[in-house]
Amino acid sequence: MAADETAWLRQVEGADAPAFVEVTIDDRVVRLPDGEMLAAALLAAGYAALNGSIVQGAPRGPFCLMGSCFQCVAEIDGAPQVRTCRVAVRAGMRVRRLMDASPVRPPDAAA
Amino acid sequence: MADASAIAIVGAGPAGLTAALALAAAGVRCSLIDDNDAAGGQIFRTGARERAYLGKDPRGARLRAALQAQRGLIDYRPQSEIVGIEPDLALWVHGPAGVVERLRPRAVVLATGALELWAPIPGWTLPGVYGLGGLQILLKTSGVVPRGPVVLAGAGPLLRLVAAQLLACGAEIAAVIDAAARPSLGQLAGLATQPRLLGRGVRWELALRRRRVPILSRHTVVAIEGTRHAQAVEVAPVDDEWRPLPSGRRRIDAAVIGLGFGVRPNIELTRLAGCDHDHDPASGGWHVSRSDALETTIAGLFVAGDGAVIGGVDRALAEGALVAHAVAARLGLPQAAALAAGAEAARRRLAGQRRFRAALTGWSMPRPGMFAAATADTLICRCEDVTRAQIADAVAAGYTEIGPLKMSTRAGMGLCQGRSCTPAIQHLLAALAGLPVAQISLPTSRIPIRPVPLGAMATLGGG
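Protein chains in written order, with the working numbering: chain A, 147 to 257; chain B, 7 to 469.
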């Protein structure tokens, strides 16, 4: 799936325009601003949904943007459920959205 | 370096940074542990690049520069989350190297700030719906702003600030929906005791009016429409308790929606440590009990800033100075004497802010009716997809305490550990059980309070 639909957020142009680097999102190579918050860069590139909810499989994406709500998790370079609001864009990063798979239960779920 | 961690400060926002800098100025070492990339907390937040935006507070950059100059005395640890605290003050720190370290400070200052307060409504989990604070963070850290029609809804000073900030970046603000009534004359008089702060609020309001942004006071968003992305909101008038009324509803197209009814103290660490807590709506709901010296019921554990009681940046800055003195005095450090004058000045500043804070609280304090917009199908817990009906069924089946209610429904047991939904569950349980919300016990949490890869814990030895 490509960037979902319309990108409803954009990055304001400024004198300090960052360099863009290549990042793989699912199976597509996308250019994102180096060093910026990944969740923000994904939103500006049109990726508003990053995972499917645990029971209903409904699309979910960044919400609090401060590391608290865990709604923005995706698989990053093979690590499951990384908060995209807490990592910076890096060249060669591989992002896999968790749209179909139910997220892994948190550590206490086995109890 | 043993002294370096005799005092650990958690959170590098205004309160924590001020405390660390005051201690360093008196020659006292401390560790300053913060989960963000850069110091400043949410209010002084910055990203990979410093960006200009409307209303940017210059004190943030000054505090960051001061921190840089004091790195010899301040053991600053960015990108480090506290995943545990024990009653003997041992701290579990998950650092950027992916390893959890257990620190043994003699005193801890928690300056972990506030969490945004949300009310579950139909459609609030759709992509395109953000926390109001989240939209502001996108602007501050990344210069990312909405490009479709925006509706901002909730209450409190952040509502108009974010609207004015986004408007200044060229965003199209379709409406600002404020659950609170306009401030009364008495409240305006109280707000006028801090002319600089009132002036800021008036400027935001005028900026919105000049551009003919509709501001609907005493209204709230009762539903968000859309299938894979938000497309519109349904708005309703509210009563004095912010409960939506059945008539007078209207629909507004929106592609980006920001929700926020204010903030509440982040009490997850004081709860985990076992401190006593009180409930008071004017302080942001559940909050930790403190002495005049900002010490909790656990000796050596202090809390400063919005993490203790919602008071905004000026109060947090003052409490940072107060707690620096208090913690030095607690440890019997000779430098405490040098910190007393700063603490005394901070106490006077706090006294000067009292009328303003009371007026602001009276105007925008969250009212319980805000939780009444959830319908049977509305998701209360976003992490575990738990609906209002599932919680109501469990309460009807006798699960009237929050712990068993969580276990039976999984509400509040997902990845976020209840940080997003706990106030809504408490209010729902109170309403269904016919109890005052202050009588609803708090859920317990346990280490780790944030998911930690198993390998990260492997290195943990004894203390």
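For glycine and all other residues, C-beta sits at the position ideal for the given N, C-alpha and C. All figures in this text were calculated on a predicted structure; none of them were measured in a lab.
- Taking each of B:Leu197, B:Arg353, B:Ala58 in turn and checking the Cα distance to Ala332 of chain B, the smallest one comes out for B:Arg353.
- Under the criterion of beta carbons closer than 8 angstroms, Gly17 of chain B and Leu116 of chain B qualify as touching, at roughly 7 angstroms.
- When the alpha-carbon of Gly160 of chain B is set against those of B:Pro152, B:Ala169, B:Gly154, the nearest one is in B:Ala169.
- Val228 of chain B and Ala75 of chain B have their alpha carbons spaced roughly 49 angstroms apart.
- The beta carbon of His100 of chain B sits no closer than 9 angstroms to any beta carbon of chain A.
- By the criterion of a C-beta distance shorter than 7 angstroms, Thr367 of chain B is surrounded in its chain by Ala288, once the five residues flanking it on both sides are discounted.
- Chain A places a beta carbon closer than 9 angstroms to that of Cys422 of chain B, counting this residue as a contact.
- Following the DSSP letters along the chain, one finds Ser370 of chain B inside the alpha helix (DSSP H) bounded by residues 342–370.
- In the DSSP assignment, Thr428 of chain B falls within the alpha helix (DSSP H) that extends over 428–439.
- Scanning chain A for C-beta atoms nearer than 7 angstroms to the C-beta of Asp391 of chain B yields Ser199, Ile200, Val201, Gln202, reported in chain order.
- Ala349 of chain B has its alpha-carbon roughly 47 angstroms from the corresponding atom of Glu221 of chain A.
- Listed by position along chain A, the residues whose Cβ is nearer than 8 angstroms to that of Gly140 of chain B are Pro208, Phe209, Cys210, Leu211, Met212.
- The three-state secondary structure of Glu211 of chain B, taken from DSSP, is helix.
- Gln157 of chain A carries a strand assignment under DSSP once its states are collapsed to helix, strand and coil.
- The stretch 220–240 of chain B makes no contact with the stretch 191–207 of chain B, as fewer than three CB pairs between them are under 8 angstroms.
- CA-to-CA, the gap between Arg229 of chain A and Val241 of chain A works out to about 11 angstroms.
- The closest CA to that of Gln171 of chain B, considering only B:Arg255, B:Thr118, B:Gly61, is found on B:Gly61.
- For the stretch 78–110 of chain B, the beta-carbon criterion of a distance under 9 angstroms to any beta-carbon of chain A is satisfied by Gln85, Glu87.
- Any Cβ of chain B closer than 9 angstroms to the Cβ of Phe166 of chain A would place that residue at the interface, and such an atom is absent.
- According to DSSP, residue pairing for Ala181 of chain B in a beta bridge involves B:Val157.
- The contact set of Arg388 of chain B on chain A, defined by CB atoms closer than 9 angstroms, consists of Ser199, Arg206, Phe209, Cys215, Phe216, Gln217 in chain order.
- Interface criterion not met: the Cβ of Ala31 of chain B is under 9 angstroms from no Cβ in chain A.
- Of B:Val150, B:His100, B:Gly154, B:Ile88, the smallest CA-CA separation from Thr152 of chain A is found for B:Gly154.
- If you draw a straight line from the Cα of Met371 of chain B to the Cα of Glu107 of chain B, it is about 39 angstroms long.
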